[in-house]
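Keeping their order, the protein sequence lines are chains A and B. For the first sequence, our numbering gives the first residue as 12, with consecutive numbering after it. For the second sequence, our numbering gives the first residue as 7, with consecutive numbering after it.
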Amino acid sequence: ARKSGGYQQNLPHSSSSQTWWLFNSGVSVDVFDWGRYLGDGEVLMGKSWGSVSEGVRVEVPNTDSGLPMKVYWIASIIKLAGFKALLRYEGFDSDSTRDFWLNLCVPDIHQVGWCAAGGKPLVPPQTILHRFTNWKTFLVKRLTGSKTLPPDFSSKVKESMQFPFKKQMRVEVVDKTHLCRTRVALVEQVSVGPVGWIGRFRLHDDGVIGGRLRLIYEECDDGTDDFWCHMYSPLIHSIGWSRSIGHRFKRSDGTRKLDGQMDAPGQLFAKVKEVDQTGLWFQDGMKLEAIDPLNLSAICVATVRKVRRRRSPSRSVGRLKLLRLTCSLRRLPQVLADGYLMIGIDGSEAADGSDWFCYHSTSPSIFPAGFCEINNIELTPPRGYAGLPFRWFEYLKESKSVAAPVNLFNKEVPNHGFRPGMKLEAVDLMEPRLVCVATVTRIVHRLLRIHFDGWEDEYDQWVDCESPDLYPVGWCQLTGYQLQPPAVTAGSRD
Amino acid sequence: DAGGRKWEQKQVQIKTLEGEFSVTMWASDDNK
Numbered sequence: 012a013r014k015s016g017g018y019q020q021n022l023p024h025s026s027s028s029q030t031w032w033l034f035n036s037g038v039s040v041d042v043f044d045w046g047r048y049l050g051d052g053e054v055l056m057g058k059s060w061g062s063v064s065e066g067v068r069v070e071v072p073n074t075d076s077g078l079p080m081k082v083y084w085i086a087s088i089i090k091l092a093g094f095k096a097l098l099r100y101e102g103f104d105s106d107s108t109r110d111f112w113l114n115l116c117v118p119d120i121h122q123v124g125w126c127a128a129g130g131k132p133l134v135p136p137q138t139i140l141h142r143f144t145n146w147k148t149f150l151v152k153r154l155t156g157s158k159t160l161p162p163d164f165s166s167k168v169k170e171s172m173q174f175p176f177k178k179q180m181r182v183e184v185v186d187k188t189h190l191c192r193t194r195v196a197l198v199e200q201v202s203v204g205p206v207g208w209i210g211r212f213r214l215h216d217d218g219v220i221g222g223r224l225r226l227i228y229e230e231c232d233d234g235t236d237d238f239w240c241h242m243y244s245p246l247i248h249s250i251g252w253s254r255s256i257g258h259r260f261k262r263s264d265g266t267r268k269l270d271g272q273m274d275a276p277g278q279l280f281a282k283v284k285e286v287d288q289t290g291l292w293f294q295d296g297m298k299l300e301a302i303d304p305l306n307l308s309a310i311c312v313a314t315v316r317k318v319r320r321r322r323s324p325s326r327s328v329g330r331l332k333l334l335r336l337t338c339s340l341r342r343l344p345q346v347l348a349d350g351y352l353m354i355g356i357d358g359s360e361a362a363d364g365s366d367w368f369c370y371h372s373t374s375p376s377i378f379p380a381g382f383c384e385i386n387n388i389e390l391t392p393p394r395g396y397a398g399l400p401f402r403w404f405e406y407l408k409e410s411k412s413v414a415a416p417v418n419l420f421n422k423e424v425p426n427h428g429f430r431p432g433m434k435l436e437a438v439d440l441m442e443p444r445l446v447c448v449a450t451v452t453r454i455v456h457r458l459l460r461i462h463f464d465g466w467e468d469e470y471d472q473w474v475d476c477e478s479p480d481l482y483p484v485g486w487c488q489l490t491g492y493q494l495q496p497p498a499v500t501a502g503s504r505d
Numbered sequence: 007d008a009g010g011r012k013w014e015q016k017q018v019q020i021k022t023l024e025g026e027f028s029v030t031m032w033a034s035d036d037n038k
């Protein structure tokens, strides 16, 4: 809520270079124009395309032909930014005044030769028609020895846009009103953004856009109780997951699977790494540092609340019932399997543990005590803690607790390539239906500090470099998802 | 190249209003 009001007050920008293909497809939506905003700044994925690089020639629609029908001309990639390319029509030489940004994954970009194969003649832009009398000589000279896209480029793009989740599939997802438990939800039809076709891509056909799911909690009659997340989010699981690991779960009252509904197959979900729990392992009460799931800007002092040393040998219901009965008889706490932990934020915990949050032990969102100090990050002390400034040594002594051993945490740092200042499209995880223009402002190993452009720093979020909620520039345009432009405030209007 | 892609020289057909001709260009065999 804090952001949606602000975003809705912003007027989206548009430009002719950005919207030509939308108009061609009959879809008219105003979209934020990354082109002007990017300038010379560094952009995520700018150098990450394999066979697509600066200098590669493509055939694209000629928007300056003066003809009533669609014709094409050859353009050269000047710069790459995420999915977007800055293009210059052949014949403009060093004249950059007509350069234009285009998403490379829209259907109307082709390898050189595509037009001839379809019997379409290439037509030079009107602006430069007078420059050359012999276009054949010019093109032979310009194109010989240069690179073009592979012939299967378009089909590879289309292939990559197939998503396995379908509308009415049932999943288990974290209950947003009680973080400590999961609920059943259904993949639902997407209700925001453009509906229709962009070129060959049909939007919102199966309730999935670019891997992002809008889930409606079961037992919600009016379909408004929703939850947005990516299909690879650690917050969603297959039906039965909660039971299999001993996680709290909100049962649906009398709801039966209706016609057309099916449980999403287990192989569709992100897999967690298997962990060796046979030796030293997390124990209830151990202290650590964790990203606060309710305030992703903060890394807080936290406590392990539930763990389980070993996974049960069988996941059958009968065995689990027996296990629960055994636990209850021995007065043992109910615990989690498969390397999952419940984490409570010190000083903010509800008495009944309803705000404990489930993190896997390999999660990049939990850290050993001292992580913030070593990396010069402000650690949020327990609410109401009197012994400020916070010192771990004193705190452990006062709370008669121990820190979780450092070697139990995920220390892998992928060669992610992010650098401070890079622009990207990022989900506001506090309002996860919104994908926003954002900047990487800080990098600590694999952890990225994401700033939402135009917003106060207090809305920044710590996000893992492999998060499914970070996208390259142009992702929203590619998938038809509405990109939230930078907030325009009095101070930043210029 | 460094990404393990094989680049191949290809005769590419071009059609303009003046007629058809071909040029030699490079294309990757694997768009990752």
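For glycine and all other residues, C-beta sits at the position ideal for the given N, C-alpha and C.
Measuring alpha carbon to alpha carbon, tell me which residue in the options is nearest residue i.
i: F238/A; options: E199/A, L154/A, E477/A; result: E199/A
i: W403/A; options: V312/A, D186/A, I88/A; result: V312/A
i: P118/A; options: D75/A, E70/A, Q137/A; result: E70/A
i: N306/A; options: E442/A, Y83/A, P136/A; result: E442/A
i: Y470/A; options: K298/A, H462/A, I120/A; result: H462/A
i: V185/A; options: G130/A, G296/A, F368/A; result: F368/A
i: I139/A; options: P497/A, T108/A, C116/A, G395/A; result: T108/A
i: N426/A; options: H456/A, H141/A, K411/A, F420/A; result: H456/A
i: S244/A; options: G271/A, E229/A, V283/A; result: V283/A
i: T193/A; options: K167/A, D475/A, E229/A; result: E229/A
i: E101/A; options: P79/A, T144/A, N114/A, F149/A; result: F149/A
i: R99/A; options: G130/A, M242/A, N73/A; result: N73/A
i: S28/B; options: V123/A, N114/A, Q179/A, Y83/A; result: V123/A
i: G46/A; options: I89/A, K81/A, H241/A, I85/A; result: I89/A
i: I356/A; options: I302/A, H371/A, E405/A, C383/A; result: I302/A
i: G364/A; options: K411/A, T314/A, I377/A, S412/A; result: T314/A
i: S478/A; options: S376/A, G130/A, S308/A; result: S376/A
Assuming residue i contacts residue j (C-beta within less than 8 Å), just tell me the rounded distance between them.
i: F429/A; j: I454/A; result: 6 Å
i: F43/A; j: L489/A; result: In fact, because the Cβ distance is near 14 Å, the residues do not count as touching under 8 Å.
i: C126/A; j: K16/B; result: Going by Cβ atoms, the distance from C126/A to K16/B rounds to 15 Å, so no, they are not a contact pair.
i: E300/A; j: L226/A; result: Contact doesn't hold; Cβ gap of about 30 Å is too wide.
i: D274/A; j: I250/A; result: 4 Å
i: T450/A; j: D464/A; result: 6 Å
i: L481/A; j: A437/A; result: 5 Å
i: A415/A; j: F293/A; result: 6 Å
i: Q137/A; j: S76/A; result: 7 Å
i: P161/A; j: S62/A; result: 6 Å
i: K1/A; j: M353/A; result: No answer is possible for residue 1/A: it lies beyond the span of chain A, which begins at 12 and ends at 505.
i: V195/A; j: S87/A; result: Not a contact, Cβ separation roughly 52 Å.
i: L291/A; j: L419/A; result: 7 Å
Alpha carbon to alpha carbon, how far is residue j from residue i? Give it in angstroms, no decimals.
i: L23/B; j: L494/A; result: 40 Å
i: L458/A; j: K147/A; result: 52 Å
i: M31/B; j: V134/A; result: 20 Å
i: R342/A; j: P304/A; result: With a pLDDT of 36 at R342/A, under the threshold of 50, the predicted position of this residue should be treated as unreliable, though the coordinate-derived value follows. Rounded to the nearest angstrom, the two C-alpha atoms are 30 Å apart.
i: A96/A; j: F260/A; result: 46 Å
i: D366/A; j: P393/A; result: 15 Å
i: R68/A; j: V151/A; result: 13 Å
i: L407/A; j: F401/A; result: 11 Å
i: N35/A; j: S374/A; result: No answer about N35/A holds up, because its pLDDT of 28 lies below 50 and its placement is not dependable.
i: L347/A; j: I256/A; result: 5 Å
i: V448/A; j: D439/A; result: 10 Å
i: A498/A; j: E467/A; result: 10 Å
i: A361/A; j: K422/A; result: 30 Å
i: R460/A; j: V474/A; result: 6 Å
i: T289/A; j: F378/A; result: 21 Å
i: H241/A; j: D295/A; result: 30 Å
i: R142/A; j: K12/B; result: 36 Å
i: K434/A; j: S166/A; result: 28 Å
i: G350/A; j: F103/A; result: 59 Å
i: Q19/B; j: C383/A; result: 60 Å
i: L49/A; j: Y492/A; result: 19 Å
i: T159/A; j: G25/B; result: 21 Å
Give the DSSP bridge partners of residue i, in chain order.
i: Y482/A; result: E436/A
i: N556/A; result: Residue 556/A cannot be examined here, being either before or after the span of chain A that is shown, 12 to 505.
i: C191/A; result: C191/A pairs with nothing; no bridge assigned.
i: C447/A; result: A437/A, Q495/A
i: T373/A; result: None, per the DSSP bridge assignment.
i: L198/A; result: The sequence as given places Val at residue 198/A; Leu does not occur at that position. Paired residue(s): L226/A.
i: E14/B; result: A33/B
i: R181/A; result: L197/A, D274/A
i: S19/B; result: The question names Ser, but residue 19/B is Gln in the sequence shown. S28/B, per the DSSP bridge assignment.
i: N114/A; result: K95/A
Kindly say whether residue i, judged by its beta-carbon, lies nearer than 8 Å to any beta-carbon of chain C.
i: A96/A; result: Looking at the structure shown, chain C is missing, and the protein chains on hand are A and B.
Review point. Which ranges would you report for the beta strand (DSSP E) in the region 53 to 97 of chain A if only whole runs of at least 3 residues count?
Key: 68 to 72, 83 to 92
Exercise for review: Please list the segments of the alpha helix (DSSP H) lying wholly inside the region 237 to 313 of chain A, counting only runs of 4 or more residues, in order along the chain.
Suggested key: 252 to 256
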